[in-house]
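First comes the structure, then the notes that go with it.
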Ligand SMILES: [Zn+2]
Ligand SMILES: [Zn+2]
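In my numbering, the protein residues as written are 287 to 441.
Right under this line is the structure:
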């Protein structure tokens, strides 16, 4: 996908600029983490990303992954999600706003976007004179697979 390559190039530029701006050195470990992160389309916990990175670089530790994700968030490349006591990160550069359904059993995350919901909340905010500067909908429940599993085990 050509669009994806282009996006990643922009993300690398943003990252380089961020490092320069904050007087941070480019490190091989951080670059490896960035490359793996840019290739994912998921909502990753620190542990998830650590496992992926360690396939290529076993010398990278959890703290480095965590700190790099924090830097990526500060640079606007990652978004931190606080889900049910767990922190996950997703790519955020040039991504459209979206919300999440989260399965409590298997942890699967489904993204959704609804223009109607967005419009409705703006209307409600206007009615009560509220200035919205951001929102996140995390909707919890069971995915189709886990519902089927639960139903089967009840039999
Ligand atoms: Zn599930
Ligand atoms: Zn998402």
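Note that beta-carbon positions come from the ideal geometry of N, C-alpha and C, so glycine has one too. On a predicted model such as this, the values are computed, not experimentally measured, just so you know.
Q) Which residues have a Cβ closer than 6 angstroms to any heavy atom of ligand 2, listed in chain order? A) 329, 376, 384, 386, 397
(Q) Taking 8 angstroms as the limit between beta carbons, can you name the residues of its chain near residue 345, skipping five residues before and five after? (A) 315
Q. Are the CB atoms of residue 363 and residue 317 nearer to each other than 7 angstroms?
A. no
Q) Are the beta-carbon atoms of residue 332 and residue 304 separated by less than 7 angstroms? A) no
(Q) Tell me which residues share the same chain as residue 430 and place their Cβ nearer than 8 angstroms to its Cβ, disregarding the 5 neighbours each side in the sequence. (A) none
Q: Keeping to the same chain, check which residues put their C-beta closer than 8 angstroms to that of residue 418; ignore five residues upstream and five downstream.
A: 407, 408, 411
Q | Reference residue 360, options 301, 426, 295, 438, closest by Cα | A | 301
**Q.** Alpha-carbon spacing of residue 403 relative to residue 422, whole angstroms
**A.** 12 angstroms
(Q) Please state whether the Cβ-Cβ distance between residue 397 and residue 384 is less than 7 angstroms. (A) yes
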